[in-house]
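Asks: Sending over a structure as structure tokens; questions will come in a sec.
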Amino acid sequence: MFKLVIQDDEGKTTVVPLIRDEITIGRKEGNTIRLTERNVSRRHARIVRAGGAVAIEDLGSYNGVRVNGTRIAQRTALSVSDRVQIGDYLIELKAEGVEQVSDDSKTAPIERVDPAMLEGLPTLQQAAVGPPADLTEPQRALPPTAAAVGPAMTSNARLVVLSSNFAGQEFELTRPQMVIGRTEDNEIVINHRSISRNHAKVVREVDGANAGRYTISDLQSSNGVRVNGEDYGKVELRRGDIVDLGHVRLRFVEAGEDFVFGRDAQVADVPTAGGGKLKLIAAAGILVVGAGIAALTLGGGGGGKAKPDAGPGIASGSKPAALADAAVAVVAVTADAESVAMAGPADAAGATASEGFDTKLTECRRLRDQKKWGDLKLCGTDLATIAPDHPDAVALIELADRESNAEGMLVDFNRAARAGNYAEAIKLFTGMPQESGSYAKAVTAYENLKQRYITEMKNKVSGAARAHKCKEHGKLIDEARLISEAHAAVKGIPCKEDSGGSTTVVNNGGGGTGPDPACNDLDTYKVKAKDATMAGQYSAAVKELEKALKCEPGSAALKSNLVLNACKSRDRALAQRYWNRFKALQSNSNLIQACSGLVE
114 MFKLVIQDDE GKTTVVPLIR DEITIGRKEG NTIRLTERNV SRRHARIVRA
164 GGAVAIEDLG SYNGVRVNGT RIAQRTALSV SDRVQIGDYL IELKAEGVEQ
214 VSDDSKTAPI ERVDPAMLEG LPTLQQAAVG PPADLTEPQR ALPPTAAAVG
264 PAMTSNARLV VLSSNFAGQE FELTRPQMVI GRTEDNEIVI NHRSISRNHA
314 KVVREVDGAN AGRYTISDLQ SSNGVRVNGE DYGKVELRRG DIVDLGHVRL
364 RFVEAGEDFV FGRDAQVADV PTAGGGKLKL IAAAGILVVG AGIAALTLGG
414 GGGGKAKPDA GPGIASGSKP AALADAAVAV VAVTADAESV AMAGPADAAG
464 ATASEGFDTK LTECRRLRDQ KKWGDLKLCG TDLATIAPDH PDAVALIELA
514 DRESNAEGML VDFNRAARAG NYAEAIKLFT GMPQESGSYA KAVTAYENLK
564 QRYITEMKNK VSGAARAHKC KEHGKLIDEA RLISEAHAAV KGIPCKEDSG
614 GSTTVVNNGG GGTGPDPACN DLDTYKVKAK DATMAGQYSA AVKELEKALK
664 CEPGSAALKS NLVLNACKSR DRALAQRYWN RFKALQSNSN LIQACSGLVE
């Protein structure tokens, strides 16, 4: 019998036997499996069992369904140990009575996968595990159980996820430049709320003395890029480096390196507030703790005298050769194990403060879940009083401000939409923080608004054409540029002037002069703008985006990118000009951060 092991983003698991031929998954009551996070749609997915086979399909959800890291577009067959991501939930298909290479340690992330347990299993697991036949995208994340069968050496470097949210997923760095982010337009998609839309870029040098070298750069993300615990704007990646992108932790595996998740590494989450080091040590497993204790014993001695160079010794020379390529968490947390063990009970006041912080943090998270944004801001302020500049406190205050502002904008947007004030509604929608819950609520209403506007403009333009009012016809076509899809729908409608018995066809596709020939290169402008942004040539990107905006004057994405690139150029005059030009975007938290210190 099959079963589903469901794990949330905090590592809590639930096992559901697959005893029905059909089950539904969603946020709404009435689903067989109800997942309550906001990024799960009311009716999100369906799992069907027939003739010993299991398949899953997306029921038109907003955030989609991913199987082994790849978003599916149709019903997709599932194999044992395949991993399904729905929102922040990870669902793994298992079979009763079939021993799994990835065993049940995935349902309890604090346990370490013992390599000895994998001996003798490759034949069984190779038969049991395989990618779904319908998944054909080359950049599909590899399931960890498949990786655990044997060495996975490739000619390209890889990024392997260590954190429990996507544990074991692999991304092969097949191109000279690959952008990592939360949305589908990236080469590497990691759909987690702590990841920015375009978070980081990995570049492989292809020429010269540095050929084959990899670097990672921060793309002005909200949560930054940390390598081995340090924040970087750009840094070279080396074998075994630990890369933290928001709450997702990855290991850099160089080309040709024999590294297998489950044998050489185990779950290691990004440390958080309130005892985070202790949690990280627990997640690393008994091997890590043992290595830390052994290192302390060797470094500190039995008589209470610590050697001056104990720290460096632990990190390098004290480690047995057999552990040279062992789990990266061993390298990452040994020093932390030392500091925690050496601290002992001496800092009682610190422990009390930590307890106060944890209590207040729990209260704040409750208010966050209840969406009480005003109370959350007060709670976050209290949290910051206990621990000034703590990332959790700062994040909660920012969340409260963002969601509170977005709720007000949503009310105004709905009012403008009902009144048919299209220009005002579009300004409010494009200015709404896209990571807010209110933005997600407004998306459907905005799509309906667009369709209503398109229909209305088609009727107006057609009416003017039938009445031979070609001047009005041209003005209406220009007016339709407010929404690019509307302009595309009406610009081809001809108008015939009635001149005393004779007719003259007038093409007002470009407001009386016909379509602008330059707009035939719209896609080229967008591609050039993206390439310039990726290369750090922000002023050049602004020029290409300006050309594109003339063809799509209602595009919120183009306007947002214009402001972002203008600010990234660090040209104060340029940044201020676009900041003032698109005032509706001034409440966008990402743009506020990018333009900080440049605009007034």
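Position one of the sequence shown corresponds to residue 114 (our numbering), numbered consecutively onward. Ideal placement from N, C-alpha and C gives every residue a C-beta, glycine not left out. Bear in mind that the values here come from a model prediction, so they are computed numbers and not experimental data.
Find the nearest neighbour of Q379 within the set L662, S277 and I329, judged by alpha-carbon distance.
Replies: What you label residue 379 is simply residue 266 of the sequence shown in a count that begins at 1. Nearest option by C-alpha distance: S277.
Asks: State the DSSP-derived secondary structure class of V366, mapped to helix, strand or coil.
Replies: Taking the first residue of the sequence shown as position 1, residue 366 is located at position 253. Three-state result, V366: strand.
Asks: So, helix, strand or coil for Y202, using DSSP?
Replies: Position 89 of the sequence shown holds residue 202. Strand, per DSSP.
Asks: Quick check on D357: buried or exposed, where buried means 16 or more other Cβ atoms within 10 Å of its Cβ?
Replies: Numbered from its first residue, the sequence shown carries residue 357 at position 244. That one is buried.
Asks: Can you name the start and end residues of the beta strand (DSSP E) that L704 belongs to?
Replies: Counting from one through the sequence shown, the residue named residue 704 turns up at place 591. Judged by DSSP secondary structure, L704 falls outside any beta strand (DSSP E) and instead within the alpha helix (DSSP H) spanning S702 to A707.
Asks: Beta-carbon separation of R73 and S174 under 9 Å?
Replies: Residue 73 lies beyond the residue range present for the chain, which begins at 114 and ends at 713; the question has no answer from this structure.
Asks: Buried or exposed for G544, going by 16 or more other Cβ atoms inside 10 Å?
Replies: By 1-based counting over the sequence shown, the position of residue 544 is 431. Label assigned to G544: buried.
Asks: If I measure Cβ to Cβ from G667 and keep anything under 7 Å in the same chain, skipping five residues before and after, which residues do I get?
Replies: As a position in the sequence shown, residue 667 is number 554, starting the count at 1. I539, R594, L595, I596 and S597, listed in sequence order.
Asks: Run the CB neighbour count on A686, radius 10 Å, all protein chains shown included, and call it buried at 16 or more, exposed below.
Replies: Start at 1 with the first residue of the sequence shown, and residue 686 comes out as number 573. Per the 10 Å Cβ criterion, exposed.
Asks: By Cβ distance below 7 Å, which residues in the same chain neighbour K554 in space, the five residues on each side in sequence not counted?
Replies: Locating residue 554 in the sequence shown gives position 441, counting from the first residue. So the list reads L523, once near-sequence residues are dropped.
Asks: State whether the stretch 477–496 contacts the stretch 508–515, with contact taken as three or more CB pairs (one from each stretch) at a distance under 8 Å.
Replies: yes
Asks: Which stretch, first to last residue, makes up the beta strand (DSSP E) that contains Q290?
Replies: Walking along the sequence shown from the start, residue 290 turns up at place 177. Taken as a continuous stretch (DSSP letters only), the beta strand (DSSP E) holding Q290 covers Q290 to G294.
Asks: From R310 to L332, what does the alpha carbon distance come to, in whole angstroms?
Replies: Along the sequence shown, one-based indexing puts residue 310 at 197. Along the sequence shown, one-based indexing puts residue 332 at 219. Those two C-alpha atoms are separated by around 10 Å.
Asks: Distance, Cα to Cα, I204 vs P130?
Replies: Walking along the sequence shown from the start, residue 204 turns up at place 91. Walking along the sequence shown from the start, residue 130 turns up at place 17. I204 and P130: Cα-Cα distance of roughly 12 Å.
Asks: Please determine, among D634, C632, K641 and V574, the residue with the shortest C-alpha to C-alpha distance to C608.
Replies: For this step, residue 608 is matched to residue 495 along the sequence shown. For C608, the nearest C-alpha among the options comes from V574.
Asks: Please name the residue or residues paired with Q120 in a DSSP beta bridge.
Replies: Within the sequence shown, numbered from 1, the residue matching residue 120 stands at position 7. According to DSSP, which records beta bridges pairwise, Q120 is partnered with T126 and L203.
Asks: Which residues does DSSP list as the beta-bridge partners of K347?
Replies: Position 234 of the sequence shown, counted from the first residue, corresponds to residue 347. In DSSP, K347 forms a bridge with S330.
Asks: Given this structure, state the Cα-to-Cα distance separating R162 from G200, to the nearest angstrom.
Replies: Taking the sequence shown and counting its residues from 1, the one referred to as residue 162 is at position 49. Taking the sequence shown and counting its residues from 1, the one referred to as residue 200 is at position 87. Near 22 Å, if we compare the C-alpha coordinates of G200 and R162.
Asks: Runs of 4 residues minimum, wholly inside the stretch 620–688: which ones carry the alpha helix (DSSP H) assignment?
Replies: Taking only runs of at least 4 residues, the alpha helix (DSSP H) segments lying wholly in the stretch 620–688 are 635–647, 651–664 and 669–681.
Asks: Applying the criterion that 16 or more other CB atoms from any shown protein chain within 10 Å of the CB defines a buried residue, is P289 buried or exposed?
Replies: By one-based count along the sequence shown, residue 289 stands at place 176. Exposed is the call here.
Asks: Which of helix, strand or coil does DSSP assign to E283?
Replies: As a position in the sequence shown, residue 283 is number 170, starting the count at 1. Reduced to three states, the DSSP call for E283 is strand.
Asks: With a threshold of 16 other CB atoms inside 10 Å of the CB of I132, please say whether the residue is buried or exposed.
Replies: Residue mapping note: residue 132 aligns to position 19 of the sequence shown, counting from 1. By the 10 Å Cβ count, I132 comes out exposed.
Asks: Measuring only the C-alpha atoms, how far is R271 from I606?
Replies: For this step, residue 271 is matched to residue 158 along the sequence shown. For this step, residue 606 is matched to residue 493 along the sequence shown. If I take the Cα positions, the gap works out to 52 Å.
Asks: Buried or exposed, going by whether 16 or more other CB atoms sit within 10 Å of the CB of A280?
Replies: Here residue 280 refers to the residue found at position 167 when the sequence shown is read from its first residue. When all chains shown are included, A280 counts as buried.
Asks: Near K571, which residues of its chain fall below 7 Å by C-beta distance, leaving aside the five closest residues on each side in sequence?
Replies: As a working note, residue 571 is residue 458 in the sequence shown. Around K571: A602 and V603.
Asks: Where do the ends of the beta strand (DSSP E) carrying K314 lie?
Replies: Within the sequence shown, numbered from 1, the residue matching residue 314 stands at position 201. Start and end: A313 to R317.
Asks: Can you tell me whether DSSP reads A580 as helix, strand or coil?
Replies: As a first step, residue 580 is located in the sequence shown; it is residue number 467 there, counting from the start. Reduced to three states, the DSSP call for A580 is coil.
Asks: Tell me the residue span of the alpha helix (DSSP H) that contains G487.
Replies: Along the sequence shown, read from residue 1 onward, the residue named residue 487 stands at position 374. Looking at the DSSP string, the run of the alpha helix (DSSP H) that includes G487 is W486 to I499.
Asks: Taking N703 and S335 to be in contact with their CB atoms under 8 Å, please state how far apart those CB atoms are, rounded to whole angstroms.
Replies: For the purposes of this step, residue 703 is taken as the residue at position 590 of the sequence shown. For the purposes of this step, residue 335 is taken as the residue at position 222 of the sequence shown. N703 to S335, Cβ: 7 Å. Contact.
Asks: Looking at the structure shown, is E224 part of a helix, part of a strand, or coil, going by DSSP?
Replies: In the sequence shown, residue 224 corresponds to position 111, counting from 1. Confidence is the limiting factor: at E224 the pLDDT is only 29, short of 50, which leaves the residue's position unreliable and the question unanswerable from this model.
Asks: Assuming C680 contacts A707 (C-beta within less than 8 Å), just tell me the rounded distance between them.
Replies: For this step, residue 680 is matched to residue 567 along the sequence shown. For this step, residue 707 is matched to residue 594 along the sequence shown. With a Cβ gap of about 5 Å, C680 and A707 count as contacting.
Asks: Per the DSSP calculation, D171 is bridged to which residue(s)?
Replies: Working through the sequence shown from its first residue, we reach residue 171 at position 58. Beta-bridge analysis with DSSP links D171 to A158.
Asks: For my contact list, D171 and N181 are in at a C-beta cut-off of 8 Å; report their separation, rounded to the angstrom.
Replies: Indexing the sequence shown from 1 puts residue 171 at position 58. Indexing the sequence shown from 1 puts residue 181 at position 68. Actually they are not in contact, since the Cβ atoms of D171 and N181 sit about 15 Å apart, beyond 8 Å.
Asks: Specify the secondary structure class of E713 as computed by DSSP and reduced to three states.
Replies: Locating residue 713 in the sequence shown gives position 600, counting from the first residue. In the displayed model, E713 falls within coil according to three-state DSSP, outside both helix and strand.
Asks: Which term fits E285, buried or exposed, when burial requires 16 or more other beta carbons within 10 angstroms of its beta carbon?
Replies: Translated into the one-based positions of the sequence shown, residue 285 becomes position 172. By the 10 Å Cβ count, E285 comes out buried.
Asks: Check each candidate in V676, N144 and E297 and name the one with the smallest Cα separation from A158.
Replies: Position 45 of the sequence shown, counted from the start, is the residue given in the question as residue 158. When only C-alpha atoms are compared, the closest one is N144.
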